[in-house]
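Let me begin by presenting the structure, written as structure tokens, before commenting on it.
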Amino acid sequence: MDHRPDSRSSTARTGTGATRAAAGAGAGPRVAKKESTSQRAHRLKRVRELLATRNASPKPREQVQQRSPQKPEHDKQRQQRQQQPQPQQGSAGLSALQMRMQQKLKGARFRWINESMYTTTGEETFKMVQNDPSIFEEYHEGFAAQVRKWPANPLDLFIRQLEGRQRLVVADMGCGEARLAAAIGEQHTVHSFDLVGYNKRITPCNIANVPLSSGTADMAIFCLALMGTDFIAFIREANRILRMGGELKLAEVVSRISDMDAFVAALEEQGFKLGHKDTANKMFVVLNFTKIGPHPKNASAQPGLLKPCIYKRR
Ligand SMILES: C[S@@+](CC[C@H](N)C(=O)[O-])C[C@H]1O[C@@H](n2cnc3c(N)ncnc32)[C@H](O)[C@@H]1O
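In this text, residue positions in the sequence shown follow our numbering: the first is 5, and each later residue adds one.
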């Protein structure tokens, strides 16, 4: 079954602000279908072929010429050479074909990182990115390319909502490049947490364990950030840092949620009460909870409550 959002979906408005529904015709995220062994072997073969093509691609003409001894060229030969089609050169001296190959490789790498993050725990992802912080940049380059294709980004909804509020202490859990803090950081105190300190606004950590004292935040936001298989531990951490009556806001890809009632119940078990559920957008659901009590001692959720979200080839 294809879980992509319905490409015929039309513009919709959320309860709190104008969020256009994702028309998505192939642009949006979808939920992973299990890849068979032969499909995986085929995909890996393609990636190897692409890598081999990149390594074996011809050098730009200037470089080749620099290395060959200069021989006198007859007028006729020069004329013939000038009439031959020349490869288009990109800004980095790559031909159009090389640039297409490079984009394909970047896309394949993004999908691999994305899938890894959805199929491991927060701690495993944190270690993976600590060992190689360039993963974060590669992921965000690919993520930004996906977001550019969306008719609406739920982060903009959260930004608009916060613009009209009294000063709050906000924890942006899985903040990406900390765009929320950049937008409303003068009006509110925003703590931005993610795997890598990509800019000075971000505190690097696993969001299952953030360096913020208990009961000090008024709001915790997870905008498409429930990526780890242990996402309930992230919710539990939100409960710890929130004051009683504090707000938990999250946006998730609708097709990730196999059973909405079970998903809401699992979050409520962590000491929250659902307030508003915004399903106006076909692609994302936005849920607002209030903290009504401490989290229980143990955090666990039924496996499969949130499916991994994968992206189409670019
Ligand atoms: C889909 S991106 C969304 C980024 C941002 N919230 C936005 O809406 O633009 C999810 C983010 O969550 C972060 N993330 C996922 N698991 C994490 C973890 N265990 N600890 C910290 N950050 C995590 C990723 O690094 C990524 O930046």
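By construction, the Cβ of each residue, glycine as well, lies at the ideal position given by its N, Cα and C atoms.
Applying the 10 Å Cβ sphere with the 16-neighbour rule, what's the burial state of S259?
In the sequence shown, the residue the question calls residue 259 occupies position 255. That one is buried.
Kindly indicate which residue of P208, E167, F276, R115 has the alpha-carbon position closest to the one of E251.
Here residue 251 is taken as the residue at index 247 of the sequence shown, counted from 1. That would be F276, whose Cα lies nearest to the Cα of E251.
Please list, in chain order, all residues of the same chain as N210 whose beta carbon is under 6 Å from its beta carbon, the five residues on each side excluded.
Here residue 210 refers to the residue found at position 206 of the sequence shown. Same-chain partners within the cutoff: G126, E127, F130.
Close beta carbons around R240, own chain, < 6 Å, minus the five adjacent residues each side
As a first step, residue 240 is located in the sequence shown; it is residue number 236 there, counting from the start. Cβ neighbours of R240 beyond the five flanking positions: Q274, H299, A303.
Relative to the C-alpha of R205, which candidate in E181, S120, H192 has its C-alpha closest?
Working through the sequence shown from its first residue, we reach residue 205 at position 201. Measuring from the Cα of R205, the nearest candidate turns out to be E181.
Rounded to a whole number of angstroms, what is the C-alpha to C-alpha distance between R164 and A185?
Looking up residue 164 in the sequence shown gives position 160. Looking up residue 185 in the sequence shown gives position 181. When rounded, the distance between both Cα atoms is 13 Å.
Based on the DSSP secondary-structure assignment, which residues constitute the bridge partners of L278?
Taking the first residue of the sequence shown as 1, we reach residue 278 at position 274. Per DSSP, F293.
Ligand 1 heavy atoms versus the CB of I188: any closer than 7 Å?
The count along the sequence shown starts at 1 and reaches residue 188 at position 184. No, ligand 1 has no heavy atom inside 7 Å of this Cβ.
Could you tell me which uninterrupted beta strand (DSSP E) segments, each at least 3 residues in length, are contained entirely in the segment 186 to 252, listed from first to last along the chain?
193 to 198, 206 to 208, 221 to 227
Might you give, ordered along the chain, the residues of its own chain that have their beta carbon closer than 6 Å to the beta carbon of R247, omitting 5 neighbours on each side?
For the purposes of this step, residue 247 is taken as the residue at position 243 of the sequence shown. Closer than 6 Å at Cβ, skipping near neighbours: G219.
Please identify the residue among M231, N292, C227, F114 whose C-alpha is closest to the C-alpha of E145.
As a position in the sequence shown, residue 145 is number 141, starting the count at 1. Residue F114 is the option with its Cα nearest to E145.
Compute the minimum distance between the beta carbon of L216 and the heavy atoms of ligand 2, and state whether it is under 7 Å.
The model on display carries ligand 1 but not ligand 2.
In this structure, does DSSP put L254 in helix, strand or coil?
Locating residue 254 in the sequence shown gives position 250, where the first residue counts as 1. Note: L254 maps to strand in three-state DSSP.
By Cβ distance, which residues of its chain are closer than 8 Å to L309, with the 5 residues on each side in sequence left out?
Here residue 309 refers to the residue found at position 305 when the sequence shown is read from its first residue. Excluding sequence neighbours, L309 sits near I261, S262, D263, A266, F267, A270.
Inspect the beta-carbon positions of M231 and M121 and report whether they are closer than 8 Å.
Counting from 1 along the sequence shown, the entry for residue 231 is found at position 227. Counting from 1 along the sequence shown, the entry for residue 121 is found at position 117. Yes, Cβ-Cβ distance for M231 and M121 is below 8 Å.
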